[in-house]
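K.L.:
Residue numbers (our numbering): 339 to 476.
1) Which full runs of the beta strand (DSSP E) of 3+ residues lie inside the stretch 387 to 417, going along the chain?
2) DSSP state of residue 428, grouped into three classes?
3) Thinking residue 398 and residue 364 are a contact (beta carbons under 8 Å), I'd like their distance in whole angstroms, please.
4) When you compare the CB positions of residue 380 and residue 433, do they come within less than 7 Å of one another, or not?
5) Beta carbon of residue 383, beta carbon of residue 352: below 7 Å?
6) When the distance is taken between beta carbons, is residue 386 closer than 7 Å to residue 440?
7) Could you name the residues that DSSP lists as bridge partners for residue 360?
8) Exposed or buried, residue 357, counting other C-beta atoms within 10 Å across all chains shown (16 or more means buried)?
9) CB residue 359 to CB residue 418, shorter than 7 Å?
10) Taking C-beta to C-beta, are residue 437 and residue 361 nearer than 7 Å?
11) Measuring only the C-alpha atoms, how far is residue 422 from residue 340?
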């Protein structure tokens, strides 16, 4: 799995390729986060992430501002549009659940529909302008 950095290039790529950003806030101290990392490395999951999203991985400890804005750093991925606005937070219990949620969310984003259907949570606004990708870790 090839992850992008949290930077302007990732969001420019998302805009250019018309793909949502898949944000994984990974925590070095969370066993759950390590388990989720293993799920993302599964061939079917990695293929979907690479094909349908611009995958971005951030160490939660390095960017507490992103954890505060998008979640608790408990490994729940957040889907963002190319401007940095949260579209949904995905929850899953198995790799199969994640594959289904990824497909549903990507389809919804592509059609401009409600990505909050099914297991995705309601959107939380977070404009990229308030989250400087170049800002050094606190």
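Where is the CB? At the ideal position from N, CA and C, for every residue including glycine.
P.N.:
Straight from the coordinates:
1) 392 to 397
2) In the chain shown, counting from the first residue as 1, residue 428 sits at position 90. Coil.
3) Taking the chain shown and counting its residues from 1, the one referred to as residue 398 is at position 60. Taking the chain shown and counting its residues from 1, the one referred to as residue 364 is at position 26. The C-beta distance from residue 398 to residue 364 rounds to 6 Å, short enough to fall under 8 Å.
4) Working through the chain shown from its first residue, we reach residue 380 at position 42. Working through the chain shown from its first residue, we reach residue 433 at position 95. In contact: residue 380 and residue 433 (Cβ atoms closer than 7 Å).
5) Stepping through the chain shown from its first residue, residue 383 is reached at position 45. Stepping through the chain shown from its first residue, residue 352 is reached at position 14. Against a cut-off of 7 Å, the Cβ pair of residue 352 and residue 383 comes out as no contact.
6) Working through the chain shown from its first residue, we reach residue 440 at position 102. Working through the chain shown from its first residue, we reach residue 386 at position 48. For residue 440 and residue 386, yes; Cβs fall inside 7 Å.
7) Indexing the chain shown from 1 puts residue 360 at position 22. DSSP lists 393, 417 as partners of residue 360.
8) To locate residue 357, count along the chain shown from 1; it is residue 19. Buried, because 16 or more other Cβ atoms sit within 10 Å of the Cβ of residue 357.
9) As a position in the chain shown, residue 359 is number 21, starting the count at 1. As a position in the chain shown, residue 418 is number 80, starting the count at 1. Against a cut-off of 7 Å, the Cβ pair of residue 418 and residue 359 comes out as a contact.
10) In the chain shown, counting from the first residue as 1, residue 437 sits at position 99. In the chain shown, counting from the first residue as 1, residue 361 sits at position 23. The Cβ atoms of residue 437 and residue 361 do not sit closer than 7 Å to each other.
11) Counting from one through the chain shown, the residue named residue 422 turns up at place 84. Counting from one through the chain shown, the residue named residue 340 turns up at place 2. Their backbone Cα atoms lie some 20 Å apart in a straight line.
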